[in-house]
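Student:
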Amino acid sequence: GYYEQANRLQKLFTASTYRQLATLSITQHRFWQAKFYLDSAYRLGDNLAYTLLQQFDAELELGNAAAAEKILNRYPQQQSFEVLIRKAKL
Numbered sequence: 054g055y056y057e058q059a060n061r062l063q064k065l066f067t068a069s070t071y072r073q074l075a076t077l078s079i080t081q082h083r084f085w086q087a088k089f090y091l092d093s094a095y096r097l098g099d100n101l102a103y104t105l106l107q108q109f110d111a112e113l114e115l116g117n118a119a120a121a122e123k124i125l126n127r128y129p130q131q132q133s134f135e136v137l138i139r140k141a142k143l
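Our numbering numbers the first residue of the sequence shown as 54 and each following residue consecutively.
(1) Report all residues from its chain with a CB closer than 6 Å to the CB of Gln86; omit the five preceding and five following residues, and keep chain order.
(2) Nearest by alpha-carbon distance to Leu106: which of Gln132, Tyr128 and Thr67 is it?
(3) In terms of alpha-carbon separation, which member of Glu135, Tyr103 and Ala75 lies closest to Lys88?
(4) Does the separation of the CB atoms of Phe66 and Glu114 fall below 8 Å?
(5) Grab the span of the alpha helix (DSSP H) containing Phe66 for me, first residue to last.
(6) Under three-state DSSP, which class holds Tyr95?
Set out below in structure tokens:
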């Protein structure tokens, strides 16, 4: 899509861009692709909390509840609304 084309022109992918691509993939129910983008965002390392939440969402949609729970346990604020709502989904 357009994000990928823009990044090829810039020759620079950022974690934020990968998360945006993952968000688009999730809305299109392309969870494996979202997982790939989120793994890439995680490796870049900025704003890991946002990446972890999206990784949880993708893993849960793929049916990987154990992997999703493991990811959620790495989130820094365990009593935050974002974590509690996801724990309820598990």
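For glycine and all other residues, C-beta sits at the position ideal for the given N, C-alpha and C.
Tutor: Looking at the atomic coordinates:
(1) Position 33 of the sequence shown, counted from the start, is the residue given in the question as residue 86. Taken in chain order, the residues that qualify are Ser78.
(2) What you label residue 106 is simply residue 53 of the sequence shown in a count that begins at 1. Nearest neighbour of Leu106 by Cα position, chosen from Gln132, Tyr128 and Thr67, turns out to be Tyr128.
(3) Counting from 1 along the sequence shown, the entry for residue 88 is found at position 35. Nearest option by C-alpha distance: Ala75.
(4) By one-based count along the sequence shown, residue 66 stands at place 13. By one-based count along the sequence shown, residue 114 stands at place 61. Not in contact: Phe66 and Glu114 (Cβ atoms no closer than 8 Å).
(5) Along the sequence shown, read from residue 1 onward, the residue named residue 66 stands at position 13. First-last for Phe66: undefined, no H or E at that position.
(6) Along the sequence shown, one-based indexing puts residue 95 at 42. Tyr95 falls in the helix class under three-state DSSP.
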